[in-house]
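Peer 1: One structure coming up, written as structure tokens, with questions to follow.
Protein chains in written order, with the UniProt record's numbering: chain A, 1 to 349; chain B, 1 to 349; chain C, 1 to 349; chain D, 1 to 349.
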């Protein structure tokens, strides 16, 4: 009954095995090893992007911050959702890596920016000469931090807005696999074909130990990225162990299988909550995260029974019995059907 | 015959096993897991420092930069050796994390600062009111980047200088284990008892996959460090896999065993080179790194036979047959005696 | 008919005279001159703050950014109005000087934060452990960028909120004199007695050539500020010419006289616009700035007649004849009654 | 007998008059005024550079830091003399504005880099892949901080080295006028014709109140510079008062007259010291600064008689009577012959 986060679960065995597989002998460090070449090429294949520049880091915050820093001048502002991970959950890392650039927050209802709201935001910035920040990249998150998913068409529509202002488009794909599974899109469709210039392609939340790829579909920024990665302390000396995670993740579609499992687990949970009819869904639970409100007494009982998840608007302590309190439930590849069913049974009890 | 770097070798099997050991079930992320508590406490025990604040990151550059940033204001300067890793090999990472602070380079003969040279350097800075940078931390590296080792007494002497100016002392211990083994010092003797305030305690170069501990012997800066770590993208979500490496590394003295192997391998290589009498040692090969000059023809033959190591003053191409060219040879825990002997045989042949 | 800005007008003759007065002989540079001592002491007297640390810079952006940087860690966020100059008009300078800290925007109706809105904003930040930014200073602007003025009681109420969270309070007083005149408050009442920790005390917009004082009512941060000022390139070598502006500005209450003139000019303009009844006031024109909507045809006629002011929502071009368009009118000490009357006559014609 | 600094003297009357001349009526702020256009065009004329982009700031540190920041990425290093003002006297401002880039110090004997030493320095950097900083601009100072002057040919030789590595060349010309007068070079010869890409053109030390021009001979970086200037808080709102200083400075060659006076005063001082034969010159006193050693007893007598200048190696207190102590003597446009003669008489007495 663990729904706290998709970074709380274990690493998939095949990824563990890959670590052992490459753990032999001396190889070049800092990425000059055959496993890294292999993983880079697998990503190029998967994304149908033979020219892409691909680099690995170990955390999502590093991937996002370094990707944005490569495209942003310190006197610019990045346009993103008001719920974006880069705004809410990275302790000013993007601002740090970008040298003090700003984030301009686009208000959203469910984590997804609309093209109109994005356009209004962009129009409003960059109009005060040297006095205000200049327009910088647009950053989109899919799966959003509200658990909703942009369709390919929606990404394309945002990309169109960015292009109208000649701005680069970054996609925070910490849960990119879950978004693909939810939309039946191909990697290329959801990225460069839709207009994405640089992608943070997540592995960690979907069964890896700690690896994210930053994929530049136009390799022009690749060398600058490499220098920024080193300068950020994010270049691994024993790099093969990042690469091996990534190659095992991609091998025979493991990454999509894992995302399918997580999304399916979430769907089972959603169906159960719907049946129980105890609260209401805050946003559409499109992938592997569900936000729903439940009465405080139900939360209390759930926690008592050993369930683990986060409340999203304030603590349980002091809440009256019937207050509806929002919660976030996250499933990952390892979430078992039995755990969901047990959890639902507890809720109903 | 792999002497390129101690980050080119494999991970020790016991550390791999530890990764598997903790790879079960859901645990708290971002360090809120029992394995992290365990590893932190093991470090406190090993260092006889029950109050120390201990945090893990994955790279040495992150450890050094974040440790220094926690002690340095952007209008200060850090005193370090002119061969320090933080100066030579981190692509301005310390300057980045410190917000633009400077490094003041203390000239050394063999990578080791003398107390006198350090004192002169500190005296010369901080004397121009607001016009020059203010005095910041002293940063010492042990094992040095020249392969030499400071004794405990030498660290104490440098600490004394720092204390005379009321400056904190950072120790870059990427090869801390090798330094201990070379000096028969205890962890406490080589760190807080000698006057070290914050230690970058390396694991990666000595058999781990990628983990370094930053140890604050005075925990006052710990919370700031945690925020800077997150802001730097260096907080691992699946943190147990960093911690498990560290606990396996410390378990039953594995870390010192590995360093002993590396230092012993280096000693065997040194003895062989000495016997061969083909070149000369640039600096005293105190731990697991040896710098020596050899004739260009010997290098050429060595590389032809498959040996791997770095030349330190310029390329082999174009060098005349008998030119003496400096080289760096590094041994790690996995360097085999046979490889050394074969290599030496090639050199002599 | 010049209402574009209070930085478009000339320097008051008494301030020009002061520049000539001090223009004799050699004196210590970088602030080590008697005129600087004199100006600092005059500020201490005027603010009834004998312990205050006072430093001069030449621009408002420098004053705000350096003041905030002295109180803000790079992993924090500053709470300010969504119309604040530090957000809208300084091209990321605060973020730059603070090393990448964030601004959290508090929504306002008329430029003035309410204590409740501020409290909600502060409560919402600083609750995500290391993941979100930590709470930093509160920054208030008086006169606001909407031309409204906080009363002393309103500043006190905001200070109370800041104190509840143990946060420092910065006041951007680029138009501090105009705010005092509008409220009949004393300098001390509107600053440290109300709970302000550091004040950007403006001179430039009110008749000086280019001087702002940063006043730390608690001098603890003074030395850090001096270093940050130098590091920012904002320490003047020929410092006496900053100081002389400030002392002439304060001498015999010139500064308040100038603000009275500017506010009176604005009141005359407001009265005229009210009589004309051509548009409506967007916000209460409490000091020397007025925001009002007028029909596009009136704007066109005004510009044709040589008037100068800024439209605040979009260009005149393409606007239909009767569209109401917002405009900002600013008066300064040099605005003549005749110019206002002529302008009003043009509008009515 | 004031030889402390060329920023300790007064502003030339013609420059004061220019401030009064422009002090009338409302004009556009932030540089959108006719006086700014006029000053910019005068600079273009004087430098025979009709395409140059010219921007004004108030301090030399701002000029240098912003000029370098426009040409330097944060992962690069700037090559400069070990006595450069940007290294010694700007409290890390260049590092701050460049986002944490490094300075690589080229050792000099008399403040002037030799082409060979510069070449060796550049060669040694930029060779460690992503591990070390990348090569950035070369920054040269003329007049140097040792009072020596580069000839045009020497600047050309350094420019040649920079060009060999495709690096931009910055010239810190805080005392550019004094260098021209010392060498009889034209502004164009000493700048763009010699290979300088961007020049910090000083006014403050040579009779202005506080103005420096940053001259980009290739205007490509001009817009970025404008944004960085605003972001640094260095864009003056009442900009006409910077521009008026500069136009008066250039009008009818005033700037060169003032430099001639300063250099002539220095020559008189040098001749006198030479005659007195009391000490020795540390470096060739080519322009308006002289470094010489004198016995401690002479310094004591000089200070007693009211002379003002800086000792360069340690305090007078405690020095024995006959110890030779180095001193720096600086003349400016206002240094009177009588003061020099009186001072020399005191020394001899």
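Even glycine gets a Cβ: it sits at the ideal position worked out from N, Cα and C. Computed from a prediction, not measured in an experiment: that's the story for all the values here.
Using DSSP's beta-bridge definition, name the partner residues of residue 174 of chain B.
Peer 2: Paired residues: none, contrary to the question.
Peer 1: Quick check: is the beta carbon of residue 90 of chain B nearer than 9 angstroms to any beta carbon in chain A?
Peer 2: At least one beta carbon of chain A lies nearer than 9 angstroms to the beta carbon of residue 90 of chain B.
Peer 1: Given a threshold of 16 other Cβ atoms within 10 Å of its Cβ, counted over all protein chains shown, does residue 41 of chain C qualify as buried or as exposed?
Peer 2: exposed
Peer 1: For a contact defined as C-beta to C-beta under 8 angstroms, what are the partners of residue 29 of chain D on chain C?
Peer 2: 4, 5, 7 and 8
Peer 1: Helix, strand or coil for residue 28 of chain C? Go by DSSP, reduced to three states.
Peer 2: coil
Peer 1: Along chain C, which residues have their Cβ under 9 angstroms away from the Cβ of residue 87 of chain D?
Peer 2: By Cβ distance, chain C contributes nothing, its closest Cβ being about 14 angstroms from residue 87 of chain D, past 9 angstroms.
Peer 1: Cα separation between residue 113 of chain C and residue 151 of chain C?
Peer 2: Looking at the two C-alpha atoms, the distance is approximately 12 angstroms.
Peer 1: Looking at the C-beta of residue 128 of chain B, does it have a partner C-beta in chain D at a distance below 9 angstroms?
Peer 2: Closer than 9 angstroms to some Cβ of chain D, the Cβ of residue 128 of chain B qualifies, so yes.
Peer 1: Could you tell me whether the stretch 127-139 of chain C touches the stretch 163-175 of chain C, where touching means 3 or more Cβ pairs closer than 8 angstroms?
Peer 2: yes
Peer 1: So, helix, strand or coil for residue 310 of chain D, using DSSP?
Peer 2: strand
Peer 1: Does residue 157 of chain C come out as helix, strand or coil in the three-state DSSP assignment?
Peer 2: helix
Peer 1: What is the rounded straight-line gap between the Cα of residue 235 of chain C and the Cα of residue 90 of chain C?
Peer 2: Straight through space, the alpha carbons of residue 90 of chain C and residue 235 of chain C are spaced by roughly 19 angstroms.
Peer 1: Does the stretch 289-308 of chain B come within contact of the stretch 19-34 of chain C, defined as at least 3 CB pairs closer than 8 angstroms?
Peer 2: no
Peer 1: Assuming contact is defined by CB atoms lying nearer than 9 angstroms, are residue 238 of chain A and residue 141 of chain B in contact in what I supplied?
Peer 2: no
Peer 1: First and last residue of the beta strand (DSSP E) that includes residue 353 of chain B?
Peer 2: Nothing about residue 353 of chain B can be read from this structure; chain B reaches only from 1 to 349.
Peer 1: What would DSSP say about residue 195 of chain C, mapped onto helix, strand or coil?
Peer 2: coil
Peer 1: Over what stretch of residues does the beta strand (DSSP E) that includes residue 292 of chain C continue unbroken?
Peer 2: Per DSSP, residue 292 of chain C belongs to the beta strand (DSSP E) from 289-295.
Peer 1: Helix, strand or coil: which one does DSSP assign to residue 315 of chain D?
Peer 2: coil
Peer 1: Looking at chain A, which residues of the stretch 60-78 of chain C have a Cβ within less than 7 angstroms of any of its Cβ atoms?
Peer 2: The stretch 60-78 of chain C vs chain A, Cβ under 7 angstroms: 74 and 75.
Peer 1: With contact counted as at least three CB pairs below 8 angstroms, one residue from each stretch, are the stretch 54-73 of chain A and the stretch 87-103 of chain A in contact?
Peer 2: yes
Peer 1: Can you give me the start and stop residues for the beta strand (DSSP E) that residue 136 of chain A sits inside?
Peer 2: 134-141
Peer 1: Kindly list, in the order they appear in chain G, the residues whose Cβ is closer than 8 angstroms to that of residue 26 of chain A.
Peer 2: The structure shown contains no chain G; its protein chains are A, B, C and D.
Peer 1: For residue 64 of chain A, which residues of its own chain have a beta-carbon under 6 angstroms away from its beta-carbon, when the five flanking residues on both sides are left out?
Peer 2: 86, 172 and 200
Peer 1: Listed from N- to C-terminal order along the chain, which residues in the stretch 155-167 of chain D have their beta-carbon within a distance smaller than 7 angstroms of any beta-carbon of chain B?
Peer 2: none
Peer 1: DSSP has residue 80 of chain C in a bridge; who is on the other side?
Peer 2: C/105 and C/139
Peer 1: Rounded to the nearest angstrom, what separates residue 105 of chain B and residue 78 of chain B at their Cα positions?
Peer 2: About 8 angstroms.
Peer 1: Would you mind telling me which residues of chain D sit closer than 7 angstroms to residue 234 of chain A, beta carbon to beta carbon, in chain order?
Peer 2: Simply none; closest approach about 11 angstroms.
Peer 1: Identify the continuous beta strand (DSSP E) that holds residue 337 of chain A and give its terminal residues.
Peer 2: From DSSP, residue 337 of chain A is part of no beta strand (DSSP E) but of the alpha helix (DSSP H) over 337-348.
Peer 1: Assuming contact is defined by CB atoms lying nearer than 9 angstroms, are residue 57 of chain C and residue 233 of chain D in contact in what I supplied?
Peer 2: yes
Peer 1: Sorted by chain position, which residues of the same chain lie with C-beta nearer than 6 angstroms to residue 44 of chain B's C-beta, five sequence neighbours on each side aside?
Peer 2: 50 and 52
Peer 1: Please determine if the stretch 280-296 of chain A and the stretch 315-325 of chain A are in contact, where contact requires at least 3 C-beta pairs separated by less than 8 angstroms.
Peer 2: yes
Peer 1: Is residue 121 of chain D helix, strand or coil when you go by DSSP?
Peer 2: Residue 121 of chain D: helix per DSSP, three-state reduction.
Peer 1: Excluding the five sequence neighbours on either side, which residues of its own chain have a C-beta within less than 7 angstroms of the C-beta of residue 344 of chain D, listed in chain order?
Peer 2: 272 and 276
Peer 1: Please list the terminal residues of the continuous alpha helix (DSSP H) segment that includes residue 87 of chain D.
Peer 2: 85-88
Peer 1: To the nearest angstrom, report how far apart residue 333 of chain A and residue 207 of chain B are at their CA atoms.
Peer 2: 30 angstroms
Peer 1: Do residue 130 of chain A and residue 269 of chain D come within 9 angstroms of each other at the CB atom, strictly closer than that value?
Peer 2: no
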